[in-house]
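Residue numbers (my numbering): 2 to 621. Below you'll find the structure, written out as structure tokens, and then a few comments.
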């Protein structure tokens, strides 16, 4: 529960836009170009393969009307292109093209550009644009992705620990197995339902649209999620009962097959499925995910076994996991180096790109994790060695003076009745005795020799080091999930060579962050406003409200109006409507250029509200 709360706060507390994983490499007509004859198609070429949506293209005429287009499709079957047919008889002037596609690694990408037919329009059109991503949908979807990663590691790692390390008491492993399976099932179902709103940038309520949901199942990300869901249900209904009747080898084979299949559902819909060397990258991604699960999920299983098993796990079980962890780390290093090279493209990208900086943070956390793992391995070695040592090692004591020859620990003294000539040793009563051999404790100033550590001592130390490993592992896993949502540096470099920078939304978008405070403990926060295109004419406006702790919050009313005092115009009410987590309008018309006063009123309760103002520069 604590980990889930941390994830929700991490995701909901951030309003940063998602990184685009495909960039527009070229367009026909070109961005900002002037063509003499009307083109038959709008064709876009991207840096990687993309999936198309029903609304992938929106083209607006010089008089700000939407142009009817043909169905979006790939040009000449090339998966890295998108094309839509234009109608005949286009008028002269400037056209705005807004596009939205889904990159090969499952992330939606949007942008816009203009081109002119014959000659540019005196006033460029201001086409209404949708929000590049719905903040509530994105937050829920990202939370589901993070939980799915953690659940997969817990499920696969626990199963691997039970099958390969063979602890005698498997009762503590039932909880992580069930938790991992149910969490992965719920997270996958949520991702599948939210896939259409996530791709289209709409409210979670649009998930009820059966047509959009059906369309999701035709794309690779939707199919991967559906396959993962089917694998989980198949495992519970068929494979698990068969494996129980088949014995340990059948369980191991079934578990390995399901684990590889689950890992493929991630590799087929994320970074590995796009870019260079796709087959090698997907193989590396599967091995990387399985090694991560065996190590980090196995750590959790070992920790629960150490703390909750009725009988402590034998050293053999700990030693088997130590060998499994060493193999997993070796696989992680090899596959991690390959994936880093594939994603970075150059050493300078480690510091010059978001992907490189996130990867550096992951590597730093991994160093701490390896240090904790090395400590656990040391305690494991000592525990195994202590268990293998003979029990008499701890019983070595000085022989008392006067002991018969051959007497002592492990050997009986000869009996006088056997006829052996045993010399008589005088005692304190009969006469002087041989000097006593001094014990260390009897010599002043000499410390007593501590008893050698017991197996329980090493086992307690192992518990602490494994707990530290698990805590650092959670950080590594969180950074890893962030890394999967970050544009690879190699793709970022390709995007930088695109004809012009790509923006989420339409050109010239204006963004504002306005703090507010109504004077109550929970009555302060910020409002983030984006206005497209921020020019004379028709504009769209979206507003998202964040509470005092940076998380999304819901308010009963939000009003925005604009006044141009110099021309005695206004106030013009933007007429915002609640879109299920954010407020928006697509028909705000500002008729003249100049410095407008934007008035923002936030009502947080029936009695509490506050008004803030900002100056907004509107140009042609």
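Beta carbons are placed, not taken as given, at the ideal position from N, Cα and C, and that holds for glycine.
Helix, strand or coil at residue i [DSSP, three-state]
i           : result
residue 525 : strand
residue 418 : With a pLDDT of only 39 at residue 418, under 50, the local geometry of the prediction cannot be trusted, and no value is derived from it.
residue 538 : strand
residue 94  : strand
residue 42  : strand
residue 37  : coil
residue 253 : helix
residue 113 : strand
residue 171 : coil
residue 568 : helix
residue 576 : coil
residue 595 : strand
residue 69  : coil
residue 77  : helix
residue 583 : coil
residue 143 : helix
Member of the options whose CA lies at the smallest distance from the CA of residue i
i           : options               : result
residue 197 : 286, 74 and 141       : 141
residue 229 : 205, 268 and 199      : 268
residue 369 : 467, 301 and 136      : 467
residue 63  : 192, 95, 36 and 80    : 95
residue 159 : 580, 517 and 302      : 302
residue 102 : 280, 80 and 30        : 80
residue 139 : 191, 52, 330 and 237  : 191
residue 559 : 539, 570 and 530      : 530
residue 82  : 546, 514, 238 and 57  : 57
residue 52  : 201, 86, 143 and 283  : 201
residue 575 : 181, 587, 221 and 76  : 587
residue 147 : 324, 164, 187 and 90  : 187
residue 549 : 310, 521 and 535      : 521
residue 89  : 331, 78, 112 and 41   : 41
residue 215 : 234, 205, 162 and 193 : 193
residue 342 : 281, 382 and 157      : 281
residue 221 : 54, 533, 539 and 532  : 54
residue 150 : 180, 219 and 203      : 180
residue 379 : 137, 212, 327 and 172 : 327
residue 255 : 157, 30 and 545       : 157
residue 539 : 66, 257 and 60        : 66
Cβ neighbours of residue i in the same chain (closer than 8 Å, five flanking residues each side left out)
i           : result
residue 120 : 35, 93 and 94
residue 480 : 359, 362, 363 and 366
residue 572 : 562, 563, 564 and 600
residue 266 : 225, 226, 228, 229 and 232
residue 570 : 564, 592 and 593
residue 501 : Per-residue confidence for residue 501 stands at a pLDDT of 42, beneath the threshold of 50, marking its modelled position as unreliable; the derived number appears in the next sentence. Once the five neighbours on either side are set aside, the close Cβ partners of residue 501 are 32, 33 and 114.
residue 336 : 285, 286, 288, 289 and 292
residue 91  : 39, 62, 68 and 118
residue 321 : 165, 166 and 167
residue 424 : Note that residue 424 scores a pLDDT of 44, beneath 50, so its modelled location is shaky; the value from the coordinates is reported in the next line. Hits under 8 Å: none found.
residue 174 : 159, 162, 163, 168, 302, 305 and 306
Own chain residues within Cβ distance below 6 Å of residue i, not counting five before or after
i           : result
residue 264 : 287, 290 and 291
residue 596 : 616 and 618
residue 28  : 45
residue 527 : 514, 516 and 547
residue 262 : 232
residue 115 : 95 and 97
residue 236 : 259
residue 117 : 35 and 95
residue 109 : 103 and 200
residue 318 : 166 and 168
residue 578 : none
Cβ-based neighbour list, residue i, same chain, cut-off 7 Å, excluding 5 preceding and 5 following
i           : result
residue 605 : 519, 524 and 556
residue 154 : 293, 294, 297, 298 and 478
residue 76  : 44, 82 and 84
residue 607 : none
residue 205 : 137, 138, 141, 195, 198 and 581
residue 471 : 300, 301 and 304
Contact with chain B by residue i, beta-carbon distance below 8 Å
i           : result
residue 193 : In the structure shown, chain B cannot be found, because there is only a single protein chain.
Counterpart residues of residue i in DSSP-defined beta bridges
i           : result
residue 612 : 602
residue 104 : 51
residue 562 : 574 and 600
Three-pair Cβ contact test at 8 Å for the segment 305-312 versus the segment 162-177 | The answer is yes - the segment 162-177 touches the segment 305-312, with three or more Cβ pairs under 8 Å.
So does the segment 596-613 actually touch the segment 556-574, counting three or more Cβ pairs closer than 8 Å?
-> yes
Inter-stretch contact (C-beta, 8 Å, three-pair minimum) for the segment 576-595 and the segment 604-611 | Short answer: they don't touch.
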